Structure formats: structure tokens, C-alpha cells
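Note that the sequence shown ends on residue 510 in my numbering; no numbers are left out.
Reading through the C-alpha cells given below for one structure.
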Amino acid sequence: MESIRIADNSSKTLNLPEPVISDLQVIANATLGNIKEKYPNLLIFPQSFGEYGDNLGSQYICSLNDKTIRTGNLMGFVGCNFTELSICSRFSNNNGNDFFLHYLLQKVLCQYVFDWKHSYNEITIFDFLIYLFPYYLNKALSQGLFREYRKFYYNDSKVKGSIDVNKHIQLNVPFAGKIAYSTREYSYDNRITQLIRHTIEYIKTLSFGENLLLGQETRENIRIIIDNTPSYSNHDLHKVFRENLRETQHPYYTEYTPLQKICLQILRHEGLKYDDDSHNQVYGILFDGAWLWEEYIAGVLQDNFAHYTSENSNFKLLECGGKEKQKIIPDYISKDNKIVADAKYIPLSKNYSYGEERAAAIYYKTIMYMLRFSSKHGILIYPTQSIAEPKKYKIIDTDNYLTEFPFIIPIEQTGSYNDYCVKIIKEEDRFNMLISNAKEILPLNPS
């Protein structure tokens with residue numbers, strides 16, 4: 064097995080055997096939309112679960128040209144045949160730790176597991192998918208406990224279904240007053256809830272498993288699953304896994320589909336590889352760094368800014384004859400000063416001069432939002448490990464300003480993960496104070 068490690072938004076020249084290059088070519092230079100459709104065992108978060116407003120499908124996992132591999136905003140783990148590619152955050156150190164990605168996932172997906180006592184080194188990048196389990200368990204159970212028809216077999220005198228002649232002859236000759244029959248009944252104890260139960264029991268065996276399941280809502284939902292799976296047996300794991308290889312599609316229980324995928328990936332990672340042996344099998348889990356960064360900054364700024372997504376934004380850009388068109392989704396709008404803000408995961412600190420297409424994605428969109436919301440202030444929030452001050456740009460021939468605000472990411476040293484958390488929490492406080500005092504940096508709107 065060949066393992067390759069590379070940071071996001073970086074490039075690396077590979078000196079690898081041809082079979083490894085061939086494996087990488089399966090996933091390189093192809094859009095996520097095409098890869099996801101072809102290889103369902105590759106989870107792309109959040110696109111796989113239909114939660115992201117922007118078009119992730121046009122992005123690439125990586126590009127590969129003349130043995131030079133280049134990455135974008137995606138982080139995580141992807142494997143093809145006997146080659147594994149780990150994409151860490153560009154803020155990780157050379158010791159294999161990735162405290163920054165670890166912290167983002169906790170804050171965005173699993174906030175109540177903050178004071179873990181285990182060693183961070185026990186967690187591999189692929190195990191981050193376990194973080195998703197409580198998140199999607201709670202989302203699924205919010206739709207109610209999944210139930211579906213199951214076939215039950217009986218042998219008694221209370222016939223209420225189809226008589227099973229063969230079974231009846233086998234069990235009831237000579238006749239003793241009983242009849243063998245079967246019924247189809249709605250049941251909460253089914254292949255989906257059994258899969259969830261097996262996943263819960265596996266997570267409990269992990270050194271950090273109990274802490275992962277500590278949330279009040281999670282504990283209650285786990286109790287519901289356990290109470291409604293009386294037929295559970297750890298010996299049935301392989302059988303339950305096989306029964307769930309067919310993806311669940313239900314018009315009401317829509318949130319159970321991503322939960323089913325996550326359960327399968329968690330158990331598959333434990334060696335339950337029921338895929339066929341065909342060539343070019345792709346598997347793994349990838350997180351969009353831009354989405355994680357946006358959601359994380361939304362939490363940091365929640366006291367000062369409203370966060371908008373495809374689900375809660377009803378803003379339109381254009382109007383004609385009383386009819387509005389062209390939906391827009393600004394990242395954040397201040398609650399008091401009409402400041403428009405965008406989160407940018409790309410390395411703005413590099414002082415690149417971008418081409419028109421890239422600049423449109425980075426700058427023009429924020430300027431458009433400023434125009435739409437009559438704001439003279441726009442800010443771009445980006446992560447960096449370099450000590451930097453906000454950089455204010457005047458939009459030429461206007462009274463409007465665009466300011467790049469750096470969020471300083473702590474440098475990973477030899478300390479523990481908890482030490483790292485202390486440092487980044489201090490930066491959150493500093494950054495919030497900086498944003499709160501933005502009037503001192505940005506000119507005021509004219510009254």
C-alpha cells in the first residue's frame with residue numbers, strides 16, 4: 064500500500080512507480096460530480112448530502128500533470144486500489160498531526176466533544192467520518208424513527224397472513240392446532256435501525272467513543288435506537304451490512320440516506336469490505352475546506368453577523384415589473400452596520416494578482432453584495448499563519464472599501480491538542496474584538 068500525504072492548496076512532484084501514478088490518475092483531473100456518480104463509496108462532505116448551495120461538483124480532488132500533483136480546497140482521505148492519498152490542511156505540521164482540521168470538524172459538526180482526554184495521535188484522517196455520526200444520527204431521528212415493512216413468520220392458531228404450506232407441513236404434521244403463516248408488518252426493528260445499532264456499538268469500543276456520544280440529544284436518540292432493536296446481535300453484523308448495500312430511498316425519511324452511508328463507511332473501514340474485486344475501486348471521505356471555514360467563521364461571528372445559506376436566504380439580485388429574480392447567498396451580513404462579509408479559505412495572504420475569472424469568485428461577488436445591500440463596507444475573512452494586519456482597499460472612483468481580515472491560525476508545535484485549542488480560542492476572542500471595532504478600521508456609512 065502506497066500512502067501519499069499532501070496539504071490543501073499546494074503542489075508536489077511525485078517520484079512514484081507507474082502503478083501508483085495510474086491509481087492517482089483515476090481520481091485526478093476529473094470533476095467531483097463525475098467521480099461521485101461513478102464511485103458511491105467516496106463521500107464528499109457536504110455535497111454528497113445535498114446541503115451545499117454552491118457548485119462543488121465542478122471542483123477537482125487534485126490535478127496531476129507530469130507527476131506533479133496539485134490540490135485545491137478539499138481535505139480528507141481518498142483511496143484507489145493500493146494507493147491512499149491523504150490531503151491535510153495547509154496549517155498542519157510535518158509530524159502527521161492536523162490539529163486545524165480536527166478543530167474545524169469538532170466546532171462545525173461535533174461541538175460537545177471538545178474536552179477529549181485521548182491522545183490526538185490515535186485518530187487518523189479517515190476516522191474523521193466518525194465525527195459525522197452524531198450529527199447525522201440526530202438529523203435522521205428528527206424525522207422520526209425509521210420503519211419499513213418486514214416479513215414475519217408465525218406458527219400459532221391466530222392466522223392473519225399468508226399460509227406457508229411447506230413450513231406448515233414441516234412443523235405441524237400431525238396437526239396440533241397450529242398453522243404456519245407469514246405477514247408483512249411495519250417494524251422499527253429493521254435493516255436500517257440494525258445498521259445504526261451496530262455502528263453505535265462499534266463507536267462505543269473506541270477510546271474516544273463514549274465522549275463522542277455524550278450530547279444530550281445524541282444520548283436520547285441512541286436510547287431510542289437501542290430500545291427498538293431487540294433482535295440485535297453482534298454476530299449479525301455481516302448480514303446487516305450486506306442488507307444495507309442497497310441505498311435507502313424514502314420520500315419521507317430522507318435524512319436516513321446519508322446516515323446509512325456514514326454507517327457503512329465506518330464499518331467498512333473496520334475491514335468489512337464487501338465491494339467487488341473489480342479494478343479501480345475508489346473510496347474515502349473528503350471535506351470541502353471552503354464550506355468548513357464558512358461554517359466555522361459563522362460560529363465565531365454569531366454575535367455580530369447573521370449567516371446565510373441556501374436554506375435561509377431569500378435574497379434576490381434583480382427586479383423588473385415587481386418580479387424579482389436571481390437568488391443570491393451572501394455569507395454574512397452584520398446585524399447593525401450593514402457590513403457584508405465573505406469567508407475565503409484560499410491563501411489571500413500570498414498577495415497574488417488573480418486572473419479575471421478567479422478574481423470574480425474572490426472579489427467581485429463581495430462587491431456585488433455590497434451594491435445589493437447598499438453597504439460601503441465589505442470584508443474578506445481568510446486564514447493565515449503569518450502575523451498580518453487587516454488590509455483595506457478603496458474601490459476606485461467610489462467611496463466604498465474592501466478589507467481583507469486575517470484570522471491567525473496557531474502554529475502546531477510539540478504541545479498537545481488541548482494546548483492548540485487554547486491558542487485558537489484566544490485568536491477567536493481577538494478576532495471578534497477586531498470585528499467589533501471595525502468602525503475604527505473601516506469608514507462609516509454616511510448618515
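The C-beta atom is built at its ideal place from N, Cα and C for all residues, glycine as well.
This one's a predicted model, so the numbers in the text were calculated from it and none came from an experiment.
I450 counts as exposed, since fewer than 16 other C-beta atoms from the protein chains shown sit within 10 angstroms of its C-beta. When DSSP states are grouped into helix, strand and coil, A361 belongs to the helix group.
The Cβ-Cβ distance between F162 and Y483 falls below 8 Å.
Under DSSP, Y249 takes part in a beta bridge, and its partners are Y212. Runs of the beta strand (DSSP E) lying entirely within the segment 102-176 and spanning at least 3 residues, in chain order: 105-108, 125-128, 131-134, 137-143, 146-151. Closest by C-alpha distance to Q233, out of S225, A243, E248, is A243. As the crow flies, the alpha-carbon of E264 is around 15 Å from that of Y194.
The residues K241, I242, in chain order, have a CB closer than 8 Å to that of D219 in the same chain once the five nearest residues on each side in sequence are set aside.
For S205, DSSP assigns no beta-bridge partner whatsoever.
The C-alpha of E310 is placed about 40 Å away from the C-alpha of L381. Distance check between L168 and each of N500, E248, S152 places S152 closest, using alpha-carbon atoms only. Take the alpha-carbon of V345 and the one of L200: they are about 25 Å apart. A residue is called buried when at least 16 other Cβ atoms come within 10 angstroms of its Cβ; M433 meets this threshold and is buried. Around the Cβ of K223, a 10 Å sphere holds fewer than 16 other Cβ atoms; the residue is exposed. One Cα belongs to R493, the other to I84, and the distance between them is close to 45 Å. When the five nearest sequence neighbours on each side are left out, the beta carbons in the same chain lying within less than 7 Å of the beta carbon of T292 are those of D252, T256, Q257, R260, in order along the chain.
Following the DSSP letters along the chain, one finds Y456 inside the beta strand (DSSP E) bounded by residues 454-457. Residue range 440-447 is occupied by the beta strand (DSSP E) that includes L443. Boundaries of the beta strand (DSSP E) around Y346: 345-351. Straight-line spacing of the CA atoms in I391 and Y464 works out to 21 Å. Under DSSP, the beta-bridge partners assigned to I396 are A369, V403.
In the three-state scheme derived from DSSP, where H, G and I count as helix and E and B as strand, P469 is classed as strand. Of the candidates H440, S438, E467, D460, E467 places its Cα closest to the Cα of E452.
Straight-line measurement puts the Cα of S149 at about 23 Å from the Cα of Y198. Look at the beta carbons and you see the segment 134-150 not touching the segment 359-377: under three pairs across the two are nearer than 8 Å. The beta carbon of K214 sits closer than 7 Å to the beta carbons of S245, R247 from its chain, once the five residues preceding and following it are set aside; these are given in chain order. In this structure V171 touches L355 by the C-beta definition: roughly 6 Å separates them, less than 8 Å.
Excluding five sequence positions before and after Q206, the CB atoms of its chain that fall closer than 6 Å to its own CB belong to Y316, E318, given in chain order. Inclusion of V403 and S438 in the CB contact set at 8 Å is warranted, their separation being smaller than that value. Taking C-beta atoms as the reference points, F470 and I488 fail to come closer than 8 Å. Beta-bridge partners assigned by DSSP to C383: K386. As computed with DSSP, R305 is found in no beta bridge at all.
Residue environment: H298 is assigned as exposed (fewer than 16 neighbouring CB atoms within 10 Å of its CB, all protein chains considered). Per the coordinates, the alpha-carbon of K130 lies some 8 Å from the alpha-carbon of L79. Burial of E475 is indicated by the presence of at least 16 other C-beta atoms within 10 angstroms of its C-beta. D482 sits in a helix when the DSSP states are folded into three classes.
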